[in-house]
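According to this note's numbering, the sequence shown is numbered sequentially starting from 153.
The C-beta atom is built at its ideal place from N, Cα and C for all residues, glycine as well.
To start, the structure itself, in structure tokens.
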Amino acid sequence: MIALIENEITVDEYLDVRSKVGWKKLSLNQAKKALDNCLFNVKAVDDDGNMIGMGRIVGDGAVICYIQDLIVVPEAQKKGVGSLLIKRLKSFVSSLKEDDTTMMLCLMCAKGREKFYIDNGFTARPTDNLGPGMIMYLD
Numbered sequence: 153m154i155a156l157i158e159n160e161i162t163v164d165e166y167l168d169v170r171s172k173v174g175w176k177k178l179s180l181n182q183a184k185k186a187l188d189n190c191l192f193n194v195k196a197v198d199d200d201g202n203m204i205g206m207g208r209i210v211g212d213g214a215v216i217c218y219i220q221d222l223i224v225v226p227e228a229q230k231k232g233v234g235s236l237l238i239k240r241l242k243s244f245v246s247s248l249k250e251d252d253t254t255m256m257l258c259l260m261c262a263k264g265r266e267k268f269y270i271d272n273g274f275t276a277r278p279t280d281n282l283g284p285g286m287i288m289y290l291d
């Protein structure tokens, strides 16, 4: 059974899960700041207590939030872990929303993962009304 644990991801767990999916290496300081400065984080753990996935929410908590670092380790992919994490992240952001307002929940999707996010309620950009997402890396 998969358990979700909120706001308890360690720096070592964060760095380990990033390495398991081949993401860019972060310094210890970067990883600590990322975890300290997010609005919310959640990890999925297996029956043995091993972290098999995670996600973070970053943003202003009022108008816009972003799902950041949604990661599921390769051996746990395609087993519902990612959707479970997204459901919890969406619920957290919904809890921040004031009555009679709209909150934007956005993300940057890895290439080839578009269908997963569409299946979880997101709209792929561009659309007739929304331009494409953009990014800039500052090295």
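Check: Do Val-224 and Val-210 have their beta-carbon atoms positioned less than 7 Å apart in this structure?; Outcome: no
Check: Return the first residue and the last residue of the alpha helix (DSSP H) that Gln-229 is part of.; Outcome: Taken as a continuous stretch (DSSP letters only), Gln-229 belongs to no alpha helix (DSSP H), as it is neither H nor E.
Check: Return the chain-ordered list of same chain residues with a C-beta closer than 8 Å to the C-beta of Arg-277, the five sequence neighbours on each side being excluded.; Outcome: Gly-283, Pro-284 and Gly-285
Check: What is the residue span of the alpha helix (DSSP H) that Ala-329 lies within?; Outcome: A question about residue 329 goes unanswered here, because the residues of the chain that appear run from 153 up to 291.
Check: Please classify Asp-221: is it buried, with 16 or more other beta-carbons within 10 angstroms of its beta-carbon, or exposed?; Outcome: buried
Check: Between Ile-157, Tyr-269, Ser-235 and Arg-265, which lies nearest to Asp-198 when the distance is taken from Cα to Cα?; Outcome: Ile-157
Check: Could you name the residues of the same chain whose beta carbon sits closer than 7 Å to that of Lys-185, not counting the 5 residues immediately before and after it, in chain order?; Outcome: none
Check: Out of Asp-188, Gly-201 and Val-215, which has the shortest C-alpha to C-alpha gap to Arg-208?; Outcome: Asp-188
Check: For the beta strand (DSSP E) containing Arg-208, list its first residue and its last residue.; Outcome: 203–211
Check: Would Lys-249 and Met-256 be called neighbours here (beta carbons separated by less than 7 Å)?; Outcome: no
Check: Are there 16 or more other CB atoms within 10 angstroms of the CB of Met-304, so buried, or fewer, so exposed?; Outcome: Residue 304 is absent from the model: the chain starts at 153 and stops at 291.
Check: Asn-159: buried (16+ other C-beta within 10 angstroms of its C-beta) or exposed?; Outcome: exposed
Check: In whole angstroms, give me the CA-to-CA distance for Glu-165 and Leu-290.; Outcome: 25 Å
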